[in-house]
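Using UniProt numbering, the letters of the sequence shown correspond one by one to residues 11 to 411.
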Amino acid sequence: PAPIRPLAPVVGADTTVPTTAGGETVYANLDYAASAPALVSVAERLSGALTEYASVHRGAGHLSQVTTARYEQARETVRRFVGGRSDDAVVFTRNTTDAVNLAAHVTPGDVVVLDIEHHANLLPWTRTGRARVVPAARTVEETVGRLEAELAAAPAALLAITGASNVTGEVLPIGRLAAAAHRHGARILVDAAQLVPHRAVSIASWGIDYLVFSGHKLYAPFGAGVLVGRGDWLDAAEPYLAGGGATADVDLDGGVAWHTGAARHEAGSPNTLGVVALAAAAQALQDIGFEEIGYHEHRLQQRLDEGLALLPGVHPLRVFDDAADRVGIAGFTVENHSPRSVAEYLSVTRGIGVRDGKFCAHPLLRKLGYPDGAVRASFGLGTSSDDVDRLLAALSDLVRR
Ligand code: PMP
Numbered sequence: 011p012a013p014i015r016p017l018a019p020v021v022g023a024d025t026t027v028p029t030t031a032g033g034e035t036v037y038a039n040l041d042y043a044a045s046a047p048a049l050v051s052v053a054e055r056l057s058g059a060l061t062e063y064a065s066v067h068r069g070a071g072h073l074s075q076v077t078t079a080r081y082e083q084a085r086e087t088v089r090r091f092v093g094g095r096s097d098d099a100v101v102f103t104r105n106t107t108d109a110v111n112l113a114a115h116v117t118p119g120d121v122v123v124l125d126i127e128h129h130a131n132l133l134p135w136t137r138t139g140r141a142r143v144v145p146a147a148r149t150v151e152e153t154v155g156r157l158e159a160e161l162a163a164a165p166a167a168l169l170a171i172t173g174a175s176n177v178t179g180e181v182l183p184i185g186r187l188a189a190a191a192h193r194h195g196a197r198i199l200v201d202a203a204q205l206v207p208h209r210a211v212s213i214a215s216w217g218i219d220y221l222v223f224s225g226h227k228l229y230a231p232f233g234a235g236v237l238v239g240r241g242d243w244l245d246a247a248e249p250y251l252a253g254g255g256a257t258a259d260v261d262l263d264g265g266v267a268w269h270t271g272a273a274r275h276e277a278g279s280p281n282t283l284g285v286v287a288l289a290a291a292a293q294a295l296q297d298i299g300f301e302e303i304g305y306h307e308h309r310l311q312q313r314l315d316e317g318l319a320l321l322p323g324v325h326p327l328r329v330f331d332d333a334a335d336r337v338g339i340a341g342f343t344v345e346n347h348s349p350r351s352v353a354e355y356l357s358v359t360r361g362i363g364v365r366d367g368k369f370c371a372h373p374l375l376r377k378l379g380y381p382d383g384a385v386r387a388s389f390g391l392g393t394s395s396d397d398v399d400r401l402l403a404a405l406s407d408l409v410r411r
């Protein structure tokens with residue numbers, strides 16, 4: 011088959027690592043779902059921002075003004091990237107986990123969740139005591155039906171659901187789920203950590219109320235995430251953190267006038283560089299275009315799926331029999347080999363980086379019948395067919411040993 015080249019340059023693409031075969035090999039990074047390497051264009055933007063910055067919001071100096079403008083511009087870039095409404099709040103957080111915790115902090119009622127979620131979209135809800143966990147069925151169709159039945163059974167404030175599974179890559183029908191939530195007077199929050207790097211998302215046209223994701227899975231470095239969505243619950247809740255930046259006026263008799271809008275929940279000096287990088291990554295993906303991104307990924311995925319299907323004892327992980335779409339994530343197990351031993355074999359003998367374990371989704375791994383975990387290969391813009399072929403060749407050697 012014809013070679014598939016990387017779609018865009020990422021940092022670290024020519025990193026070499028030692029192998030037990032002796033000598034060095036180019037590292038094959040197949041762990042994009044954990045953290046995607048920064049796009050070279052994002053790294054360059056970040057280096058530029060790193061040479062001239064100062065405090066945001068309260069400084070009159072030129073660099074403060076420049077940094078503030080970049081930080082505020084990033085909100086607009088992110089809003090456009092996810093098709094947000096003009097009055098949506100864009101609140102910068104540390105990551106997806108932080109953004110879901112913020113959402114849990116402001117949500118005034120019960121929350122319906124599936125049992126296949128990443129812990130980041132499960133534990134913030136279950137620990138409030140107001141989560142109603144619905145078991146996913148074997149089909150997307152039946153799962154949508156179960157969610158709708160739960161929303162109808164008793165009032166819920168929110169349906170909190172993943173856009174794409176971090177274990178299987180399976181994509182859920184968000185527009186339909188948003189409509190179902192709204193029919194029963196609930197809102198919807200989408201954990202888009204694994205969706206936004208791969209698919210164009212539209213908050214406004216899909217009817218999403220809240221969307222959360224992380225910069226480090228979107229080809230930016232660590233440290234910044236975001237919650238985009240309706241401002242009313244955010245403005246009605248106590249500030250997420252108490253401190254400077256969230257307040258309009260303070261006196262020592264306990265009087266505090268908190269800001270409304272994003273500032274209410276962004277107390278303390280924000281991660282302006284992380285936010286600039288996140289926005290640069292969002293813009294870069296938009297410039298490349300999601301049609302191109304989807305096509306590149308689809309060809310790699312086909313190659314990987316077809317190759318895995320030929321390997322005896324290799325079992326792909328799937329929640330659903332009928333998922334209409336999957337992003338570039340392939341969870342699988344290898345008979346007679348622990349996930350850790352597979353991942354170590356790939357790393358030390360071939361210089362291939364994959365993830366093994368339970369992927370912060372313990373209930374899902376248990377549900378799928380793999381309580382001890384699995385292996386996950388995941389890819390993105392910097393991936394080539396060579397990376398996929400190397401993985402398949404290594405797995406083939408492992409299962410035939
Ligand atoms: N949700 C999903 C679907 C994820 O894959 C991840 C990261 N593995 C998270 C949430 C949490 O993201 P973060 O660690 O950046 O908070």
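Just so it is clear, CB atoms sit at the ideal spot from N, CA and C, and this is done for glycine as well. Since this is a predicted model, take the numbers as computed values, not measurements.
Contact test: residue i Cβ vs the ligand PMP heavy atom, cutoff 7 Å
i: D219; result: no
i: D201; result: yes
i: A114; result: no
i: G204; result: Sequence inspection shows Gln at residue 204; the Gly mentioned does not correspond to that position. The answer is yes for Q204.
i: A44; result: yes
i: S388; result: no
i: H226; result: yes
i: T106; result: yes
i: H208; result: no
i: P128; result: According to the sequence shown, residue 128 is His rather than Pro. Answer for H128: yes, Cβ within range of the ligand PMP.
i: N176; result: yes
i: N131; result: yes
i: G323; result: no
i: T172; result: yes
Cβ pair residue i, residue j closer than 8 Å
i: V211; j: V222; result: no
i: Y229; j: P207; result: yes
i: T257; j: L310; result: no
i: A190; j: V238; result: no
i: V36; j: T29; result: no
i: P349; j: D382; result: yes
i: G225; j: L182; result: no
i: C370; j: A130; result: yes
i: T117; j: D332; result: no
i: L203; j: G94; result: Per the sequence presented here, residue 203 reads as Ala, with Leu not at that position. No, these two residues do not count as a Cβ contact at 8 Å.
i: G323; j: V352; result: no
i: D219; j: R186; result: no
i: G253; j: A234; result: no
i: W216; j: I184; result: yes
i: G179; j: A340; result: yes
Within-8 Å CB hit, residue i to chain D
i: L40; result: In the structure shown, chain D does not exist; there is a single protein chain.
Of the listed residues the options, nearest to residue i (C-alpha basis)
i: D24; options: V50, P13, A291; result: V50
i: G284; options: A340, S96, H72, N105; result: N105
i: L161; options: L182, L124, R15; result: L124
i: Y305; options: E276, R336, S279; result: R336
i: N346; options: D396, L408, L40; result: L408
i: S175; options: P280, A64, D41, G338; result: G338
i: V121; options: V260, G323, R400, G195; result: G195
i: L133; options: A147, A99, H115, A146; result: H115
i: A84; options: A292, H128, G179; result: A292
i: E302; options: L391, A246, G278; result: L391
i: D41; options: L251, A319, G363; result: G363
i: V286; options: R209, R95, E62; result: E62
i: R313; options: W216, F389, V344; result: F389
i: D399; options: L321, E151, A167; result: L321
i: D245; options: G255, W268, A252; result: W268
i: A43; options: F91, G255, V177; result: V177
i: L251; options: S279, I184, G379; result: S279
i: E127; options: A387, L374, A404; result: L374
i: A384; options: R328, A403, A404; result: R328
i: E54; options: R80, V21, A79, E82; result: V21
i: Y81; options: H308, E151, A272, A188; result: A272
Segment limits, beta strand (DSSP E) that includes residue i
i: T103; result: 99-103
i: E34; result: 34-36
i: Y42; result: Y42 -> no beta strand (DSSP E), and no H or E assigned at all.
i: A384; result: 384-388
i: A163; result: From DSSP, A163 is part of no beta strand (DSSP E) but of the alpha helix (DSSP H) over 150-163.
i: V364; result: Premise fails: V364 is in no beta strand (DSSP E) and is neither H nor E.
i: P118; result: Taken as a continuous stretch (DSSP letters only), P118 belongs to no beta strand (DSSP E), as it is neither H nor E.
i: W142; result: The sequence shown places Arg at residue 142, rather than the Trp named in the question. Run containing R142: 141-144, per the beta strand (DSSP E) assignment.
i: A246; result: From DSSP, A246 is part of no beta strand (DSSP E) but of the alpha helix (DSSP H) over 241-246.
Boundaries (first-last residue) of the alpha helix (DSSP H) holding residue i
i: I213; result: 213-216
i: P16; result: Per DSSP, P16 belongs to no alpha helix (DSSP H) and is neither H nor E.
i: P134; result: 133-136
i: D297; result: 282-298
i: I184; result: 184-193
i: R328; result: No alpha helix (DSSP H) contains R328, which DSSP labels as neither H nor E.
i: F91; result: 72-91
i: S348; result: Segment: none, S348 is in no alpha helix (DSSP H) and carries neither H nor E.
i: D399; result: 395-410
i: G323; result: Looking at the DSSP string, G323 is not in any alpha helix (DSSP H), and its letter there is neither H nor E.
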